[in-house]
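One structure is given here, and the rest of the page talks about it.
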Amino acid sequence: MRVLVTSAWPYVNSVPHLGNLIGSILSADVFARYARLKYGKDNVLFVSGSDEHGTPIEVEAIKRKVSPKELTDQAHEYDKHLFLNVWKISFDNYSRTESETHKKFVTNFLLKLNKYIKIIEDEIPYCEYDNLYLPDRFVKGTCPYCGFEDARGDQCDNCGRLLTPNLLINPKCAICGRKPVFKKTKHWFFDLSEFNDKIRKWILESKDMPENVKSVALSWVNEGLKPRSITRDNKWGIPAPFKDAENKTIYVWFEALLGYISATIEYFEKIGKLEDWKKFWFDKETKSYYFIGKDNIPFHAVILPAMLMASEEGYNLPTVIAATEYLLYEGQKFSKSRRIGVWIDEAPKIMDIEYWRFVLVRLRPEEKDTNFTWREAIRIVNTELNDDIGNYVNRVLTMIVRYFNSTVPEFHTEILDENDRKILDLIDKTPKNVGNLFERGKLKAGTEELLKLVRELNAYLNIKAPWDLYKVGKIKELMNVLYIGVNAVRSIAIMLYPLMPSYSQKIYDMLNMGNIEDEKWDEASKLSVKPGHKIGRVNPLFKKLPADFEANIQSMLEEVRKNVEKNRPTLLK
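Its first residue numbered 365, the sequence shown is counted upward by one per residue in the working numbering.
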């Protein structure tokens with residue numbers, strides 16, 4: 365089986381914050397690392413890229429007196445550096461919407477949709493103060509359905525309803541706050557109504573799609589899908605390829621969705637295997653996973669599959685769309701202007717990057733909005749990482765060093781008791797349970813299974829008290845506890861790898877077991893560390909955060925922020 369892993373393309377108008385990171389890119393990375401161990405490196409492809417077209421960039425470039433391309437070149441390189449070099453995100457290809465491969469693919473793809481394209485004269489909001497046609501997201505007002513006062517012109521973040529600017533009550537320009545006028549202009553529309561029944565059938569028949577995604581998609585189709593404009597009157601974007609559509613560009617949402625395909629094509633162009641991209645998009649044995657925030661569900665669960673159907677070329681539709689709810693910061697929404705939250709170039713100066721990875725997955729908002737607090741982050745590091753996982757690894761390996769001269773002892777199956785069998789059963793089942801949850805997009809739930817195993821393992825050590833077995837000469841029983849223990853340590857290392865790759869490698873170094881990236885996920889269920897194997901040097905795995913960490917975090921964050929802002933690229937300050 366092949367696996368395509370994608371994450372929503374971050375828009376390059378600002379540096380992403382921790383909520384953005386766990387909502388898409390970090391979640392996708394955790395899953396991609398799992399999938400490589402499960403299905404083999406050559407069968408997994410992980411792609412994303414910078415979304416850089418549209419009015420927000422155009423407006424920002426005007427403010428800064430630079431071209432949009434100058435702005436996005438700098439932003440793309442900075443984001444790419446943060447993802448690849450700082451956060452160690454394992455993209456096979458991190459592309460951008462300004463890539464020639466992307467622009468060419470989008471142009472050709474949209475021309476294939478001609479039979480579903482309509483030209484409609486539409487009333488578009490125009491700001492006479494800013495001299496600018498306003499795209500949907502640049503119009504704000506009150507939602508006509510739920511009364512939310514900060515709804516955008518394309519969607520209400522409160523009730524999730526699809527909107528158009530002329531539906532908003534008291535619409536305002538999001539740039540200057542003035543009321544726009546509505547001007548008539550021609551636009552090219554993709555007729556989604558043609559796909560109402562097909563989308564409903566696909567969603568209802570899907571066995572893998574999460575319920576929250578199904579619910580949003582079905583609410584759209586039950587209301588009745590309507591034609592959606594795919595052109596805009598701004599200049600910064602891919603020119604619309606339709607006849608008589610001069611001076612129009614493609615709406616960023618349509619073209620960014622097609623970036624998943626163009627980034628796949630671009631990857632195989634780079635390695636000289638020009639046709640191999642098709643295996644990930646047309647082979648029915650391929651599964652595709654999309655990691656996104658909940659506000660992007662309609663675009664991925666309705667618009668993207670409709671476009672793929674409309675091409676009539678047999679593209680694979682999404683298998684799993686793993687959509688998170690929102691991560692809050694100490695009870696509030698992340699806000700750059702109000703300096704609420706932590707950004708991804710600040711976080712590494714505060715805490716070990718892989719501690720962050722673990723903390724964010726443990727706080728991943730899978731079922732409901734979740735609150736990040738420093739107190740909970742400290743608890744996760746000090747208790748779950750250090751006391752639960754690190755303590756168990758250290759206890760088992762140091763006892764093998766002390767009692768058996770660093771050599772894995774014999775295993776005596778004839779004297780196994782109920783406690784031994786319970787732990788052996790957990791070692792067998794836990795990796796399967798974790799994998800099943802990961803493949804449903806439930807990463808946090810998967811880590812719960814891992815921690816459940818680790819807590820049982822620590823309890824097992826306390827029940828068995830190997831130090832007492834040694835004192836009273838029950839050597840066979842001692843051998844069994846540590847043989848089971850060393851294999852459990854290996855199992856923990858494999859399951860921890862998607863979350864904390866370098867720390868998993870540290871465990872493998874202590875086990876003297878080579879490169880963990882060459883491991884197979886299913887080995888985590890087996891007792892493959894054999895008697896007579898020599899383990900390596902044992903060192904403490906994790907460190908607790910200091911006792912005064914919470915008391916000092918605000919002053920530390922302010923100091924970090926000052927330094928980081930100084931060093932950000934000029935156009936991102």
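Ideal placement from N, C-alpha and C gives every residue a C-beta, glycine not left out. Bear in mind the structure is a predicted one, so any value in this text is a computation, not a measurement.
Cβ-Cβ distance between residue i and residue j below 9 Å
i	j	result
I484	F553	yes
L875	Y767	no
L385	Y624	no
V706	L382	yes
I744	V723	yes
Y403	M365	yes
G418	W645	no
D752	S593	no
E694	I708	no
A627	G413	yes
P508	V580	no
A888	I787	no
L807	F395	yes
T349	K658	The question about residue 349 has no answer, for the chain in this structure spans 365 to 937.
Q519	T934	no
M763	W720	no
K547	Y497	yes
M859	V798	yes
Proximity to residue i [Cα-Cα], best of the options
i	options	result
K648	G678, I661, F663	G678
D443	T683, K806, D608, P380	P380
S770	P508, I899, L382, E619	I899
I453	E575, Y861, P420	Y861
P895	T688, D882, I848, L727	I848
K713	N927, L815, L842, N576	N927
N530	C523, L863, R501, E748	R501
R759	L780, K828, K806, G805	K828
I567	D521, H664, E630, S431	H664
G588	T595, D561, F455	D561
E914	I779, I764, A823, T737	T737
L622	P508, F469, Q438	F469
Y480	L672, V798, D784	L672
E676	V666, K835, N478, E731	N478
I717	P865, P603, F606	P865
F410	L801, L909, L936, Y654	Y654
N598	K838, K870, I488, D555	I488
D393	K870, A911, P904, W451	W451
V725	S378, A372, Y375, I389	I389
F473	N576, A670, T549	A670
E841	R804, E782, E883	E782
Outcome for residue i when other beta-carbon atoms lying within 10 angstroms are tallied against a minimum of 16
i	result
R460	buried
Q918	exposed
S391	buried
P544	buried
V850	buried
K907	exposed
T613	buried
I635	exposed
S868	buried
G878	exposed
A857	buried
Y872	buried
H776	exposed
Cβ neighbours of residue i in the same chain (closer than 7 Å, five flanking residues each side left out)
i	result
R925	E710
V616	D415, H417, G418, G601
P605	T471, L474, L475
Own chain partners of residue i with C-beta closer than 6 Å, once the 5 adjacent residues on each side are dropped
i	result
L817	L790, T794
T344	Only positions 365 to 937 of the chain appear in this structure, which leaves residue 344 out of reach.
R400	V408
E740	none
Q696	I704
E774	M843, P895
V772	V850, V893, P895, H897
Interface flag, residue i vs chain C, CB-CB below 9 Å
i	result
E630	This model lacks chain C altogether, as it is built from one protein chain only.
beta-carbon residue i near the ligand FMN non-hydrogen atom, thresh 8 Å
i	result
E649	The ligand FMN is absent from the structure shown, which contains no ligands of any kind.
Same chain, Cβ closer than 8 Å to residue i, neighbours up to 5 away in sequence not counted
i	result
S557	G588, L589, K590, P591
Where are the alpha helix (DSSP H) runs, 4 residues long or more, that stay fully inside the segment 852–878, in chain order? Here the runs fully enclosed are 865–875.
Taking only runs that begin and end inside the segment 633–683, name each unbroken alpha helix (DSSP H) of 4 or more residues, in chain order. Within the segment 633–683, the runs of alpha helix (DSSP H) that reach at least 4 residues and sit entirely inside it are, in chain order, 641–645, 668–675.
Beta strand (DSSP E) runs contained entirely in the segment 493–574, provided each spans 3 or more residues: As far as the segment 493–574 is concerned, its whole beta strand (DSSP E) runs of at least 3 residues are 503–506, 533–537, 545–554.
Taking the runs of the alpha helix (DSSP H) that are 4 residues or longer, which of them lie wholly in the segment 741–826? DSSP assignment within the segment 741–826 yields the following whole alpha helix (DSSP H) runs of 4 residues or more, N-terminal first: 755–768, 782–802.
Which complete alpha helix (DSSP H) runs does the segment 406–446 hold, if anything under 4 residues is left out? If we require 4 residues or more, the alpha helix (DSSP H) runs fully inside the segment 406–446 come out as 419–428, 432–445.
Completely contained alpha helix (DSSP H) runs for the segment 461–485, where each covers 4 or more residues: Correct list: 464–475.
Minimum length 4: unbroken alpha helix (DSSP H) runs contained in the segment 703–737: Uninterrupted alpha helix (DSSP H) stretches at least 4 residues long and entirely within the segment 703–737 occur at 717–726, given in chain order.
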